[in-house]
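Quick note on numbering: the sequence shown equals residues 1 to 139 in full-length UniProt numbering. Shown next, in structure tokens, is the structure this report addresses.
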Amino acid sequence: MKKEEVLAHAILEHVGGKDNLRQLAHCMTRVRLSLKDPTQANIDALKRIDGVMGVIDDETLQIVVGPGTVNRVADHLSRETGLAIGEESVDPNLTPEERAAVERQKVKAKQQSPFKRFLRRIGNIFIPLIPGLVASGII
């Protein structure tokens, strides 16, 4: 097994398994996981995994693995869980009304204009850099 594959397997093990994942995404350095039951995640064990640089427990669980590595780890997680990157899983035990509500949310998300998505992506890239720019006196 490759290092990234071992890392992905260890992450999946410490977040409660593939059945606990609602959504999988990543940015330049972090794997972002939305969990169905956040209490199943073992944050301390995640921090001790070799290759994990940090863990941020916010609305989504963010696991810092570094640039370059994050793409391969996210791909391995996607293959292991069957979740497409950025796609939300649907619980098979939902009632028809709940499934309809989930589908409405998906349609609403698709109706966002490309310009709004572009601005959000630019914001997600530059907002984390602002403290560093302020500290260095550029802004």
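Quick reminder that beta carbons are idealized off the backbone N, C-alpha and C, glycines included. Note that the structure is a prediction, hence the values are computed from the model and not measured.
Taken through DSSP and simplified to helix, strand or coil, S34 comes out as strand.
Burial state of E4 is buried, judged by a 10 Å Cβ sphere holding 16 or more other Cβ atoms. D50 and P96 have their C-alpha atoms spaced approximately 43 Å apart.
For V70, the enclosing alpha helix (DSSP H) starts and ends at 69-81.
With contacts defined as CB atoms closer than 8 Å, V65 and V102 fail to qualify as a contacting pair. Bridge partners of H14 according to DSSP: none are assigned. For L61, the enclosing beta strand (DSSP E) covers residues 61-64. Residue environment: N20 is assigned as buried (16 or more neighbouring CB atoms within 10 Å of its CB, all protein chains considered). In this chain, the alpha helix (DSSP H) harbouring I43 covers 43-48.
Under the DSSP assignment, G54 falls in the beta strand (DSSP E) whose first and last residues are 54-57. Beta-bridge pairing by DSSP links H26 to V31.
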